[in-house]
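So the structure is just underneath, and the comments pick up after that.
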Amino acid sequence: MNVEDITTMGMAGAGSMGAGIAQVAAMAGLKVQVVDTGAGACDRARKTIVKSLERIVKKGTMTEAQMEETLGRISFSTDVASFKGIPFIFEAVFEDIAVKKELFAKLDAVCGEDTIYATNTSSISITEMAALVKNPANFVGMHFFNPVPVMKLVEVIPALQTAEATKNLALAMSQKLGKTSITCKDTPGFVVNRLFVPYIIDAVRLLEEGVASAEDIDIAMKLGCNMPMGPLEFQDFAGVDIGYHVTNIFHEYLKQERFAPPGLLRNMIKAGYLGRKAGRGFYEYPAS
Numbered sequence: 001m002n003v004e005d006i007t008t009m010g011m012a013g014a015g016s017m018g019a020g021i022a023q024v025a026a027m028a029g030l031k032v033q034v035v036d037t038g039a040g041a042c043d044r045a046r047k048t049i050v051k052s053l054e055r056i057v058k059k060g061t062m063t064e065a066q067m068e069e070t071l072g073r074i075s076f077s078t079d080v081a082s083f084k085g086i087p088f089i090f091e092a093v094f095e096d097i098a099v100k101k102e103l104f105a106k107l108d109a110v111c112g113e114d115t116i117y118a119t120n121t122s123s124i125s126i127t128e129m130a131a132l133v134k135n136p137a138n139f140v141g142m143h144f145f146n147p148v149p150v151m152k153l154v155e156v157i158p159a160l161q162t163a164e165a166t167k168n169l170a171l172a173m174s175q176k177l178g179k180t181s182i183t184c185k186d187t188p189g190f191v192v193n194r195l196f197v198p199y200i201i202d203a204v205r206l207l208e209e210g211v212a213s214a215e216d217i218d219i220a221m222k223l224g225c226n227m228p229m230g231p232l233e234f235q236d237f238a239g240v241d242i243g244y245h246v247t248n249i250f251h252e253y254l255k256q257e258r259f260a261p262p263g264l265l266r267n268m269i270k271a272g273y274l275g276r277k278a279g280r281g282f283y284e285y286p287a288s
């Protein structure tokens with residue numbers, strides 16, 4: 001299979017990452033079938049994509065007509081069977097191996113022998129997931145970054161079972177979607193999160209220890225290190241619960257104390273302080 005032959009792709013998962021991947025694929029001219037278990041998730045994803053495209057139109061880099069054409073290339077469904085006949089499927093469901101195993105079983109029941117599965121996981125072993133599907137040679141990791149329409153990098157991670165042709169197709173697909181890709185081995189966190197997660201954890205610990213306020217920690221990293229977003233701002237953006245879950249996975253795999261989730265993260269989850277999506281995390285976000 002050549003990347004030029006792929007005109008339609010599937011997107012399993014309509015969260016922030018799924019919506020972002022669907023958007024950039026549609027902007028690249030691909031027809032996109034998005035599937036999620038709930039109609040509400042699909043509705044939220046469509047609204048997210050519309051708002052993102054409207055910002056691009058306001059910047060003058062896309063016309064309203066092009067925006068409508070892009071939206072017209074994206075379809076939503078709650079039925080996995082709508083993936084039938086689609087050659088390339090991205091997966092971006094919740095970071096839980098049991099959830100992914102259930103999804104892959106459903107995909108295997110409707111997808112063809114040559115279908116490529118590309119997981120967007122940021123923390124679970126690609127090799128472990130490849131072992132769950134009927135054609136592991138067609139399985140590969142493609143880790144995008146949030147927000148997908150803005151961030152240029154994709155980490156391509158072959159599993160132990162991944163065929164060379166599948167890896168090369170993933171690299172070509174990254175380029176087709178307007179991204180720059182790197183290749184890395186299947187290890188927890190790959191490159192970026194292996195470096196970035198301890199940075200976030202240390203920022204939470206600084207706050208937990210009373211070294212500085214959340215605002216001052218974020219200001220320090222933005223002005224002192226030219227970061228576009230402070231670590232605690234970022235954690236609110238990504239989701240406090242997601243951060244806690246990922247650090248737990250890293251700690252389990254690597255057995256290094258630097259990846260142990262701080263108690264503050266655990267208590268914030270118990271309080272429902274999950275970040276922007278909950279209206280409160282390290283900061284408060286009044287409803288607009």
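When you line the sequence shown up against the UniProt record's numbering, it's residues 1 to 288, in that order.
Every residue, glycine too, gets a C-beta built ideally from N, C-alpha and C.
Where the beta strand (DSSP E) containing residue i begins and where it ends
i      : result
Tyr285 : Neither: Tyr285 is in no beta strand (DSSP E) and is coded neither H nor E.
Phe90  : Phe88 to Glu91
Endpoints, alpha helix (DSSP H) assigned at residue i
i      : result
Ser173 : The amino acid at residue 173 is misidentified as Ser; the sequence shows Met. Taken as a continuous stretch (DSSP letters only), the alpha helix (DSSP H) holding Met173 covers Glu164 to Lys176.
Phe83  : Unbroken run through Phe83: none, as it is neither H nor E.
Thr61  : Neither: Thr61 is in no alpha helix (DSSP H) and is coded neither H nor E.
Asp241 : Val240 to Leu254
Val99  : Ile97 to Val110
Ala19  : Ser16 to Met27
Ile124 : Taken as a continuous stretch (DSSP letters only), Ile124 belongs to no alpha helix (DSSP H), as it is neither H nor E.
Which residues DSSP lists as bridging residue i, in chain order
i      : result
Thr183 : Val156
Gln33  : Gly10 and Ser75
Met142 : Val156
Ala118 : Phe90 and Val140
Gly275 : Arg280
Residue i vs residue j beta-carbon contact at 8 Å
i      : j      : result
Glu215 : Leu264 : no
Gly20  : Val192 : no
Val110 : Phe83  : yes
Val162 : Val197 : A small correction: the amino acid at residue 162 is Thr; Val does not occupy that position in the sequence shown. No; because the gap between Cβ atoms is not below 8 Å, this pair is not in contact.
Asp186 : Ser125 : yes
Ala130 : Ala159 : yes
Val154 : Ser174 : yes
Arg280 : Tyr244 : no
Ile6   : Phe90  : no
Gly15  : Ala118 : no
**Prompt:** Do the region 159-176 and the region 228-245 meet, that is, are 3 or more Cβ pairs less than 8 Å apart?
**Reply:** The region 159-176 makes no contact with the region 228-245: fewer than 3 CB pairs, one atom from each, lie closer than 8 Å.
**Prompt:** At what residue ranges does the region 194-236 contain a whole run of the beta strand (DSSP E), taking only runs of 3 or more?
**Reply:** Taking only runs of at least 3 residues, no beta strand (DSSP E) segment lies wholly in the region 194-236.
**Asked** Any chance the region 4-18 sits against the region 28-44, with 3 or more Cβ pairs inside 8 Å?
**Response** yes
**Item:** Inter-stretch contact (C-beta, 8 Å, three-pair minimum) for the region 85-100 and the region 57-73
**Value:** no
**Request:** Answer yes if the region 177-184 comes into contact with the region 72-88, meaning at least three C-beta pairs across the two stretches below 8 Å, and no otherwise.
**Result:** no
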